[in-house]
Each structure stands twice: as structure tokens, then as C-alpha cells.
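These notes are about the structure you will find just below.
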């Protein structure tokens, strides 16, 4: 059949789960027995294109470099460069415009550093193509052929077998014991049994049992399906489209720095204009040379007010933070994302493989005589059997439990192998759980080895059972071993194993067995029952034609409870996050009972809290969704769009959301979250590319370490901002107040100076780019001074530079300015304090006092409340930077070549000592301010305790 298919079928390829399989075959004009003709397949491939996901072209390198300059602070620096060049040109264009050259070097260094650190383009969609690149077996022209999955077309007949990757979305035609692993698409941890029957109504993606989807894998069984969706018209293609439409939000740090930059820009303009007008008014400037000097002063003030080194220092500090976090298994892809995790108020985590091990484990065995608990988790066969917490198990219970595990291990198609100390499985994870459990109970594996397998009745969804014939190698006895859904299995049983005897399964015993199953289900265990039937010599002829009719008059052995266990370290990590004021949510595509159970075990959910399903989320309006997001902690059976809804609702409430995930279905939410965290081992390539951080060890506990590092980095950013801005304000106050009060300080009457300046432009530039940058960079790697995990996360409404910090910046800057001007006044004749030195010496003293004041301020700025002497020597880099700055300052004052370049003069020991003493006023002022903060904090705590005691007394 090679007729052209109906176009409508091509346009509506994602609703085939609601249509009959025969309709799909007819719509795509294909014979299910022979498949498409090869020529027709080639024609469709040319017409509709390859089965590949669309990808956006990568940004060109020059565009990525230009993007590094799209920052408000860079704009200010570019403006300062322009003003410097204009001033240099007006002055005669002699020599080199030093100011412009140095600022340009800072801007270029920042751009190169940002380009190197953020050189990965947006390749999430391309990663989806890599993940799904595979070969597929198809029926074409009556022959089985293996073709690249990219060559699949609608109407192709897919031939599916165990271990195959599904190359396209397809409607099932036939299925025999077919189970498909869809964890990467839906989050369902256990392979889904497939059935070609037609469905009705609104069916969630994870429950479309008659469909197979691109990017999933066959875990068990065989089947055939007609391709109904290729390329972007698949479920994984829909996710790729969502990924492209999802807008990546700027981080809180980026928003805050942008705000600070805008504020600084306004401040620079106002200060420069006011000071220039003041200078002209006070000094009566009339010549062009004096006007150039005033213009240069304005440039100098712009340089003073704007911390030129801030972008470069910020990039370096974030880059160093990235390296530290990488050593702790948290790989951050974008520099500004480092701080975001430290500000996180919510961590929304996937369950399967993130909080759990993604390794199904038998945890309980319930038989007629009692219950056995098996310790140990995962596929490593290590653990013990216990009864009621003790290892001394009753003989009857032990015997029965051994039979259950032996039966489940024998009627089994999975394999368990060891490679280089790591245990791996092949086949269905639930069946593999029996193989692991059998090795934990002595003698079970040996008992299974005494039998040979002589036939099988495969699992089907109608029966919900699977059976195998066991032939004893020595005794020659023959038995049928059956496992499956306990309620169905019990309906086929007439006997019950009690110890080494078989008793009739009467009504009372049946109710007890069903109650045991219900009890396990209530604890979120997946249950599988095991039974057997022994054949006598007279009825062995029945085994010649083995079918489901043999699954009758069975003897019930017991039931096992299977669960995907939590990671051992996950509970401690969740508790640590909650202690730090971070709310932890679980968002999974798995079953609600399993999700609630795991969430309860880990401390994510409160006692009795139930999971919210995706269907319930779909029924909510925006207000209801926000209310649920604010109060509920567990979400199950959710689709990708539900995850986006939850993230958006949380962000709308002012939360900074970090989301972890490993599957394709997590990618859009990872990109939409403030910081998406992908699993490095189990994670798909698309989640890694869509995320901003990757956990290289897949360890949830690593997130807590990353949170601590993120908070330390943010605190260090606050430190160097506090240091840089207060130091720059010191320069501004020195120049502004020096010009305004030039007469009182003796500057106005200085010989040879028409325009009296307390600091020269070159001296201001020296302070900003030489003495400021080193200590600021060293503070960026400062160890933890105060316990960052003992405080709540920052709110998105909190500013990085709040009212108290601005007051500190201005007050410390004022102290610096006053100390520097006092140094000038002490040595300059005609001021408040009579001196006898030249203007050059007095200006050098003021210049040096300001430098040393800033160095003292570096130690002050390490904490808003803790003393500068607290953990004084833990940062060797800061001490090194301060020592280097001192050496450089001595050089610029005492070396003749530098004296000519920066307008300085040599000073004697008394003058140096006076500068150090005056500069130390900044340290004293900072200590007094911190003492007042600590006293006020202790007073508030005392009043709160007093009110609590009073209430207690009243009670």
C-alpha cells in the first residue's frame, strides 16, 4: 500500500491514543504485514523531512563578545572613557590619554573573562537530537530493515524488541509482554506495560498505554507500531518547542548590579556637575586651561564615583567561586548563577534518581507466618533479613520467605551482573529486585540453581501474571511458578504455604492475605505475589501445551513489597536545607502514593500530607495554583507543563526557585527556574544543557554544599561592594569638600594654583585601579566569617545594598574624606591647623591618608556586625593585597619617576606616622558602629525573651 496518506492525519499526529489502530494504518496508507514500500518511504522523507528536532543556530563568536559589553556598569565606564578622551583632546592631545587607556584595559579584561567563562551557546535542542540519535528496526517492502531513526517517516511499521530505543512516536498494533521505560519523558520510575487497546477521554501522557514515544526505551517484550509522529511533531519535540519558548530570567545579582549601576550613573552626573559648577563659582575660572582642568576634575570624580574594577572583580570572584564549587561536584555554567543558588528559597526536586536511587528494592516479604524486612538498598546484594527488628527469624517465616524469593527469582527474565565492583541489571527493574533480594537470604540462590526452566507463560496485562516451569535436576519433579498482581494471583490459588505444610486457602486466610497486600500498598510499596503448583506423574502431559489454564489450583507463598528507596544522604540534605530556611518540594511523574511515602521518609512532607496530582493542578485557576504552591510540598503524576506552572506560581510569590532534574521532561522547568540543576551521571544531555548547574555526583547533598558556597560568594560580593563604594565615596567627599572649603583648608591661596584641588586626577586613578582592586579581589575569596547557613535566604525584594549599608558607605566615606582633608590642613599653611609644608607635600599626605584609610576599611568591610579583629588572619590573600598596596604607595611617594607622574613629594617618618594615625580613624569608627549594632541586636533579643517569659508566667 503506497497511496498518499490523508493530510489531516499528518496534521493531528498527537491524538492517536484515542483512535483505533486500524484507523492509523488506513490513515497512513500502510500494510501492517509488509510495511511501506522503500520508494514510498524515501518520498515521504523528502516531502516531510528527516526525523530530527529543530535547533536554533548558535550565536556567532563576535555577537557573544559584543554581549559582554551589554551591562549598565560597562556603559558608565565607556562614558568615562569618552570624557577622558575629550578632555585629553581639549588639553592639546599631548602624550597618551592615561585615564582612557587604563579604563579601556579594565573593560576589555572584563569582556574577555566573561567570554571565556560563558562560551557555551544555547544547545539544549541540539542535545535532544544527540540523545535520540539511534537506529530503528522497521518493516519495509516485507523485509525487516535497520535504518537510522532520523530516516523514519509516518506510516513506517516499527518492530520493537527488548533494549531498543524508540525512534519516533507510534501507535501500537501488537504487544506481547511489552514494557517501555519512560522515566526520562514522564518521570515514572518503573517501566510501563503497553497495550494496543483504544483509550477514551483525557488521558495523561504517562497513561497512554497504546503509544510508544521517541526517546524512550523498551525494557521487556516485543511489539509492532505504526509511526504517527516524527521530528518536532512528537512528545519530545513538544518539549523542545517549550524549551525554545521558555525565557531565561536574569539572576537576582544581575538585577541588583544593574540597579546599582543605574544609581551610580545618576550620582556620577549629579556629583560631577555640582562639583564643576562649584569650582568655577569659587575660583572664578576664566582661561581655557583652567576650564580643561575643571573638566578633567569632573572626569576624575566620575572615575572616583564609579568603581572601575567592579565588573572585572565581580567576574573574577564568581569565576573563583565556580572553581571552588566544581571541586565540590557542583559545576556552574554561568558566572552570575553562582550567587542565585545561595539566594534560593525553594528547591523543587525530581524524585526518581535524584532523591531516590532509581533502583527498585525488595524491602518486605509477607507470608502466612509473618513478615520479614530486608535491609540494604539498590542493586548491590548486601543486606540482612530481620523480623520485628531482630535477626533471629522464626523458622517457619524464614522457610516461607525463602520460597517466595526463590519463586520470584526463578520466574524471572532479568539479569544481575558485576563489573569492576559495580552491580548492573538488564531487563525489568522489578524482576531484578528479586535477584538482589535472593542473595540476601542464605540458601535461596542455591535452591534456584537446583531447577531448570522448561517453559514460560509470558506476562500479559489481561492476566497480570507470568509463569515458568521448574524441573528439578536430580529429583525430576516438575512445578509451575507464578508471580504477578497479588489480588489476581490469590484468585487462582486454593492452597496456602504455612511452614513446610500446605493448608487450604479458606475465606479467613484469604482475607488475611489481602489485608497484608493492602498494608504494603498503604506504605507505598509496589506489591508482587508468588505462588506455585506441583505436578504429579499423572498430569505432566498438561505441560506439553503450557498456557494460562495451568495457572490454577496454585499454592500461595506470599507477597513482596518493592520500593525505589531514598538516597541515604538525601534526608540529611533536606534537613540541612530546611535549617537554612529553604523549602524543599518534590515534583515527580511517579505514583502519588510512592511520592508521598518517599517525601515523608525524607522530611519533605508533613505527616499525612498527600501528593497533588497533575490532573488536580490542571483543574485549578491561577489563584488556586498559587495557594497550592504555597502550601503543598509533593506533586505527582505531573506533566512538563505542570512543572512550569508550579515554578511560575512560586516565582510569582517572590521565591527564588532552584529545580533539580535528570529527565527530558524536566528541561523546560530547569530553564525557567532561577537556577536549574541537572544530574551529571543520570541526567540526559538536554537537561544538562538547559540547566545552569550540574551535579557531577548526582548527590542531593551536594546542593546543600552549593547553597553554602553560593551564600559565601554573595556575602563576599557584599564585602567588596561595601569596601569599593565606601572607598570611592571617600574620594568623592575628599574632592568635593576640599573644593567647597578650599579657603578654610588653605588650598585657595596656594601659590601657582588657580584651581585648588585636594587630589589630582592621576592620584584618584591610582587609588581606584591600584590600591582598591587588590583588597577587593582578596575579599572575594574571603572564608566564611559569620555562619551563612544560620540565616534565612534573601528575599527578592531585599537589595544587595540596603538602607543600612548605604548609610555605612556614606558615613565611612565621610570619615575618610575628613581624615584626608585634615592631613592636608595639618601640613598646609593658612588652614584651620597651621602648617609649614608645600602644597605638594600636603596633597601627598592627604593622598596617602586616603589610601591607608581604604586599607583599614578593607578589614572593616569583611562583616557588617563582627569585629574587624574576628578571624583576622584567616585570609592570607587580603594580607598580601594590603602589603602590596602599602609597598606601591611608598613607591609612588618616594620614587622620583613616580613622583613626577603622580605629583607627589617625599615625606619623613613623622609625616608617614601622622597619615597612618589619621587613617586609623576609619577602623575606630567602624568598630564603634559594629558595637552599637551588636548591642541593639542583643537588646532586641532580650526584649523578645522577656516578652516570652512574661507570657509563660501569665499562663
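In the working numbering, the protein residues as written are 85 to 1039.
Built from N, CA and C at the ideal position, the CB exists for glycine as well.
Source: prediction; values computed, not measured.
Rounded separation between residue i and residue j - CA only
i	j	result
residue 1028	residue 892	Only weak support is given to the placement of residue 1028: the predicted model assigns it a pLDDT of 43, under 50, and the value that follows is read from those uncertain coordinates. Approximately 27 Å between the Cα atoms of the pair.
residue 726	residue 642	39 Å
residue 702	residue 111	32 Å
residue 69	residue 504	Lying outside 85 to 1039, the shown extent of the chain, residue 69 is not represented and no answer is given.
residue 448	residue 565	20 Å
residue 267	residue 495	25 Å
residue 172	residue 180	8 Å
residue 964	residue 188	27 Å
residue 206	residue 667	At residue 206, the pLDDT of 42 sits below 50, so the modelled position is not reliable; the number obtained from the coordinates is stated separately. Whole-angstrom Cα-Cα distance: 30 Å.
residue 1005	residue 937	8 Å
residue 260	residue 792	51 Å
residue 462	residue 947	46 Å
residue 1000	residue 758	46 Å
residue 574	residue 638	8 Å
residue 467	residue 445	11 Å
residue 257	residue 555	36 Å
residue 132	residue 751	27 Å
residue 400	residue 861	8 Å
residue 1020	residue 888	14 Å
residue 966	residue 707	55 Å
residue 761	residue 923	60 Å
Coarse secondary structure for residue i, derived from DSSP in three states
i	result
residue 253	strand
residue 645	strand
residue 159	helix
residue 911	helix
residue 101	helix
residue 351	helix
residue 974	helix
residue 112	coil
residue 561	coil
residue 501	strand
residue 1020	helix
residue 1054	Missing from the structure shown is residue 1054; the chain here goes from 85 to 1039 and no further.
residue 50	As displayed, the chain neither begins before 85 nor continues past 1039, which places residue 50 out of reach and without an answer.
residue 135	coil
residue 763	strand
residue 407	helix
residue 219	strand
residue 688	coil
Assigned exposure category for residue i - 16 Cβ within 10 Å defines buried
i	result
residue 994	exposed
residue 154	exposed
residue 612	buried
residue 214	Low confidence applies here, because residue 214 scores a pLDDT of 45, under 50, leaving its location unreliable; read the following figure in that light. Label assigned to residue 214: exposed.
residue 538	exposed
residue 931	buried
residue 741	buried
Expected contact under 8 Å - CB spacing of residue i and residue j to nearest Å
i	j	result
residue 960	residue 863	With 8 Å as the limit, residue 960 and residue 863 do not qualify as a contact, their Cβ atoms being about 13 Å apart.
residue 665	residue 524	That belief does not hold up - the Cβ atoms of residue 665 and residue 524 are roughly 41 Å apart, past 8 Å.
residue 720	residue 649	Actually they are not in contact, since the Cβ atoms of residue 720 and residue 649 sit about 17 Å apart, beyond 8 Å.
residue 822	residue 905	6 Å
residue 431	residue 857	That pair is no contact at about 35 Å.
residue 718	residue 777	Going by Cβ atoms, the distance from residue 718 to residue 777 rounds to 24 Å, so no, they are not a contact pair.
residue 829	residue 987	About 17 Å separates the two Cβ atoms, so there is no contact after all.
residue 309	residue 255	6 Å
residue 867	residue 722	About 41 Å separates the two Cβ atoms, so there is no contact after all.
Reference residue i, options the options, closest by Cα
i	options	result
residue 324	1007, 817, 735 and 755	755
residue 935	923, 975, 954 and 957	975
residue 1044	1020, 135, 847 and 429	Given a span of 85 to 1039 for the chain in the structure shown, any question on residue 1044 remains unanswerable.
residue 108	998, 196, 232 and 295	295
residue 302	689, 363 and 245	245
residue 149	191, 254 and 235	191
residue 122	416, 229, 660 and 152	229
residue 599	1014, 568 and 450	450
residue 422	819, 801 and 275	801
residue 593	285, 560, 269 and 453	453
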